[in-house]
Amino acid sequence: MKLIDEDDKSRNVPEYGVSEISASIKSLIEGEFSRVRVRGEIGRVFTARSGHLYYDIKDEKSVLAAVTFKGQVSGLAIVPEEGLEVTATGKVTSFGSQSKYQLIVDDLKVAGIGALMAMLEKRKETLQKEGFFNEENKKRIPYIPNLIGVITSPQGAVLSDILHRLRDRFPRNVVVWPVTVQGEKCAVEVSKAIRGFNAIPVSKRGYRPDVLIIARGGGSIEDLWGFNEEVVVKEVANSSIPIISAIGHETDTTLIDYAADIRAPTPSAAAEIVVPVRVNLLAELRSLEARLINVIAKVHEVKAERLTYLFRFLNRPEELLASPSDKLQSISLRMPKALNYAIQAKRLNSESIMAGLRSNLLKNVMTIAQNLFDDHFQSIRRLIGSQVKLKRSTFDGIGVRLSNQKLKKNLESAEEKLEALNKKLSFLTNIELQEKSKRLQYKSQLLNNLSYRTTLERGYSVVWIDEKIISSKFNIKKEKDMVIEFKDGKYLL
Amino acid sequence: MTEILVSEMSFEEAMSELEEVIGQLERGNVPLEDSIKLYERGAELKKRCEKKLMDAEEKVQKITLDKDGNSTGAVTEIERK
Numbered sequence: 001m002k003l004i005d006e007d008d009k010s011r012n013v014p015e016y017g018v019s020e021i022s023a024s025i026k027s028l029i030e031g032e033f034s035r036v037r038v039r040g041e042i043g044r045v046f047t048a049r050s051g052h053l054y055y056d057i058k059d060e061k062s063v064l065a066a067v068t069f070k071g072q073v074s075g076l077a078i079v080p081e082e083g084l085e086v087t088a089t090g091k092v093t094s095f096g097s098q099s100k101y102q103l104i105v106d107d108l109k110v111a112g113i114g115a116l117m118a119m120l121e122k123r124k125e126t127l128q129k130e131g132f133f134n135e136e137n138k139k140r141i142p143y144i145p146n147l148i149g150v151i152t153s154p155q156g157a158v159l160s161d162i163l164h165r166l167r168d169r170f171p172r173n174v175v176v177w178p179v180t181v182q183g184e185k186c187a188v189e190v191s192k193a194i195r196g197f198n199a200i201p202v203s204k205r206g207y208r209p210d211v212l213i214i215a216r217g218g219g220s221i222e223d224l225w226g227f228n229e230e231v232v233v234k235e236v237a238n239s240s241i242p243i244i245s246a247i248g249h250e251t252d253t254t255l256i257d258y259a260a261d262i263r264a265p266t267p268s269a270a271a272e273i274v275v276p277v278r279v280n281l282l283a284e285l286r287s288l289e290a291r292l293i294n295v296i297a298k299v300h301e302v303k304a305e306r307l308t309y310l311f312r313f314l315n316r317p318e319e320l321l322a323s324p325s326d327k328l329q330s331i332s333l334r335m336p337k338a339l340n341y342a343i344q345a346k347r348l349n350s351e352s353i354m355a356g357l358r359s360n361l362l363k364n365v366m367t368i369a370q371n372l373f374d375d376h377f378q379s380i381r382r383l384i385g386s387q388v389k390l391k392r393s394t395f396d397g398i399g400v401r402l403s404n405q406k407l408k409k410n411l412e413s414a415e416e417k418l419e420a421l422n423k424k425l426s427f428l429t430n431i432e433l434q435e436k437s438k439r440l441q442y443k444s445q446l447l448n449n450l451s452y453r454t455t456l457e458r459g460y461s462v463v464w465i466d467e468k469i470i471s472s473k474f475n476i477k478k479e480k481d482m483v484i485e486f487k488d489g490k491y492l493l
Numbered sequence: 494m495t496e497i498l499v500s501e502m503s504f505e506e507a508m509s510e511l512e513e514v515i516g517q518l519e520r521g522n523v524p525l526e527d528s529i530k531l532y533e534r535g536a537e538l539k540k541r542c543e544k545k546l547m548d549a550e551e552k553v554q555k556i557t558l559d560k561d562g563n564s565t566g567a568v569t570e571i572e573r574k
């Protein structure tokens, strides 16, 4: 075994220097793979500070290093994203200094619609997890916006559709931020527009829109792809001005639809969402106005009716007083009884008070009364005394005038007169008496003849019950005693 | 509740208060004096709503952008077709 390789003609293997062979390989590779299309899944992605984009393209067994230089990045249809199935186009180069090779990609596309949709789904999930689609962050669209900001292409039919629809419903001021709505520039420009509108200070009334519409007409998923880009989605979610997304047709859904505050199926629909129909509101206002006028008229009518009603009562006070009057009557009826109770209660009360007062008060009252009485008694006595004196002196005066002789004389003549009268009277009385007695005798004889007694003398009898004469058998009462009177007396049967 | 001046109210605010005022009147039991006050409030709110509805400008402007796609602060009127 030789340890030293010597220049030996017997061998036909040429000898290379390292740089030599590297250069050789480089030229071989770059010659053979100067333009290739590689399909694979994107692995890790790394953006260098220089702006170059480094990433892996892999399959189950192998990994291919790929790079897109700074100047080429904006030319890529898609930004490389881990897990994305792509077709990368470019040339393979080698780095002799590191014994490495890589694919310099100048065109990167999603490998088929299925892969694109899968990527979209994955991106959506990620953004959702990061909270960009949260319902609670959705802002309310003003009912009637003052200024509507529209982010769209100034050329397309989309803008004029929106403006027409606005005019039909509720004419509003509109400010347009022109953007490219397709291709690589789309996402960046739309993001700038959203940021730009939000940067207008709130104090600048009339310049800062109070609602934004991001609009684009229909197109393929690739045409609309700009509105699926993460940068736009995040910008939409972060906007402090509420946003209506209106991308494509009703069936097209982009990721900004999830981040927007409202998704409109079409640009025209966005115009319908952003303003109410003015004439409807006017009609509604008119009907409210009518209701207001009606109700106030009614309120006053009711009050007026009530006033009239009450006024009628005023004209007839007795009706107004009917119920109080009834009450008064019932109270008046209850009054005496109540009064009695009250008096009794008071009496009881006063008796208890009097009990306390009696001894002292009565004593005082008695003393006063006694004094009064004494005073009066004294004065009356004095008065009587003086009266008596006066009468007595009058009497004395009269007495002097009455003499005994005159009295005696008067008496004698009076006695004479009396005697004469007496005589006359007895004479007259006698005559009268005799005459009367004669007539009596005569009358009594007559009475005797006529009386039933003479009939009894002749043998008849009279039946008595209860001192009544019984003249019929029907008058006899068995239970009563019957008396029979004969000429010589009565017999009790 | 802090009173918002009717002249500062948005259309919806004025409209909803107007409905409330009418509702209050329609429910009845409002003293005469209050009913007059409510009516006056309602009339004022109605006027505010009306003003908001009548104010229907339709100017359309376009933001002027510089080469980087940022606003220059200027606007141009867009002619409506």
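Same order as they appear, the protein sequences are chains X and Z.
Residues in the first sequence are numbered consecutively from 1, following this note's numbering.
Residues in the second sequence are numbered consecutively from 494, following this note's numbering.
Beta carbons are placed, not taken as given, at the ideal position from N, Cα and C, and that holds for glycine.
Thinking C-alpha only, which one of the options is nearest residue i?
i, options, result
"E570(Z)", "P171(X), V175(X), F395(X)", "V175(X)"
"L255(X)", "A193(X), R123(X), E189(X), S325(X)", "R123(X)"
"I273(X)", "S451(X), G51(X), F170(X)", "F170(X)"
"N173(X)", "V553(Z), L518(Z), E526(Z)", "V553(Z)"
"I213(X)", "I244(X), P336(X), R167(X)", "I244(X)"
"N238(X)", "Y207(X), N134(X), A246(X), K473(X)", "N134(X)"
"I241(X)", "T253(X), P209(X), R382(X)", "P209(X)"
"P267(X)", "A304(X), V211(X), V158(X)", "V158(X)"
"K480(X)", "K487(X), L493(X), G489(X), F486(X)", "L493(X)"
"Y140(X)", "N146(X), V211(X), I148(X)", "One point to set straight first is that residue 140(X) is Arg, not Tyr, in the sequence displayed. Cα-wise, what sits closest to R140(X) is V211(X)."
"Q495(X)", "E136(X), V181(X), V67(X)", "Past the edges of chain X, shown from 1 to 493, lies residue 495(X), and the structure says nothing about it."
"D561(Z)", "T126(X), V45(X), T180(X)", "T180(X)"
"F197(X)", "P178(X), G31(X), E184(X), Q182(X)", "P178(X)"
"E537(Z)", "S528(Z), L518(Z), A507(Z), E519(Z)", "A507(Z)"
"P145(X)", "S564(Z), L518(Z), E550(Z)", "E550(Z)"
"L292(X)", "T565(Z), R520(Z), T557(Z), I556(Z)", "R520(Z)"
"T126(X)", "K478(X), G248(X), Y258(X), A270(X)", "Y258(X)"
"T93(X)", "I57(X), E32(X), E435(X), R334(X)", "E32(X)"
Let me check one thing: in DSSP terms, what residues is residue i bridge-paired to?
i, result
"Y55(X)", "V45(X), A66(X)"
"E457(X)", "Looking at the DSSP assignment, E457(X) forms no beta bridge with any residue, so it has no partner."
"F95(X)", "K100(X)"
"T89(X)", "R37(X), D107(X)"
"V211(X)", "I148(X)"
"S564(Z)", "L558(Z)"
"M335(X)", "DSSP, once it has assigned bridges, lists no residue as partnering M335(X)."
"M482(X)", "I465(X)"
"P80(X)", "Bridge partners of P80(X): none, in fact."
"G489(X)", "F486(X)"
"P142(X)", "Answer by DSSP bridge pairing: none, since P142(X) is not bridged."
Please list the partners that residue i has in chain Z, where partner means a Cβ-to-Cβ separation under 8 angstroms.
i, result
"E289(X)", "K539"
"E189(X)", "G562"
"Y143(X)", "S503, F504, E505"
"R334(X)", "Going along chain Z, no residue has its Cβ under 8 angstroms from R334(X), so there is no contact; the nearest lies around 38 angstroms."
"L108(X)", "Chain Z residues near L108(X): none, gap ~23 angstroms exceeds 8 angstroms."
If the cut is a Cβ gap below 7 angstroms, which residues of chain X does residue i touch?
i, result
"E519(Z)", "V295"
"E512(Z)", "L288"
"E543(Z)", "L285"
"I464(Z)", "Limits of chain Z in this structure are 494 at one end and 574 at the other, which puts residue 464(Z) out of reach."
Can you pull the chain Z residues whose beta carbon is under 9 angstroms from the beta carbon of residue i, in chain order?
i, result
"F132(X)", "Here the premise fails: no neighbours, minimum Cβ distance about 23 angstroms."
"G196(X)", "I556, L558, G562, N563, S564"
"L212(X)", "Ordered by position in chain Z, no residue passes the 9 angstroms Cβ test against L212(X), which lies about 12 angstroms from the chain."
Taking Cβ-Cβ distances shorter than 8 angstroms, what residues in chain X pair up with residue i?
i, result
"E568(Z)", "The sequence given here has Val at residue 568(Z), not Glu. Near V568(Z) (Cβ distances below 8 angstroms), the residues of chain X are V175."
"K552(Z)", "N173, V174"
If the cut is a Cβ gap below 7 angstroms, which residues of chain Z does residue i touch?
i, result
"F170(X)", "A549"
"L282(X)", "L546"
"V299(X)", "L518, V523, S528"
"K192(X)", "G562, N563"
Under 9 angstroms between beta-carbons, which chain X residues line up against residue i? List them in chain order, please.
i, result
"I571(Z)", "P154, L159, L163, V174, V176"
| message | Does the contact criterion of 3 or more C-beta pairs under 8 angstroms hold for the stretch 22-33 of chain X versus the stretch 94-101 of chain X? | response | yes
| task | Count the C-beta pairs between the stretch 184-194 of chain X and the stretch 213-226 of chain X that are closer than 8 angstroms, then say yes if the count reaches three, no if not. | result | yes
| the stretch 39-54 of chain X touching the stretch 77-91 of chain X, judged by at least three CB pairs closer than 8 angstroms | yes
| query | If you pair each beta-carbon of the stretch 70-77 of chain X with each one of the stretch 107-117 of chain X, do three or more pairs fall below 8 angstroms? | reply | yes
| query | If you pair each beta-carbon of the stretch 111-123 of chain X with each one of the stretch 55-73 of chain X, do three or more pairs fall below 8 angstroms? | reply | no
| query | Can at least three beta-carbon pairs, one atom from the stretch 469-477 of chain X and one from the stretch 423-441 of chain X, be found at a separation below 8 angstroms? | reply | no
| message | Taking contact to mean 3 or more Cβ pairs, one atom from each stretch, closer than 8 angstroms, check whether the stretch 46-61 of chain X and the stretch 194-201 of chain X are in contact. | response | no
| request: Go through the stretch 205-282 of chain X residue by residue and report every complete run of the beta strand (DSSP E) that reaches 3 residues or more, in order. | output: 211-216, 243-247
| Looking at C-beta atoms only, is the number of pairs between the stretch 503-513 of chain Z and the stretch 539-547 of chain Z that lie closer than 8 angstroms three or more? | yes
| field | the stretch 298-311 of chain X / the stretch 269-287 of chain X touching (three or more Cβ pairs under 8 angstroms) | value | no
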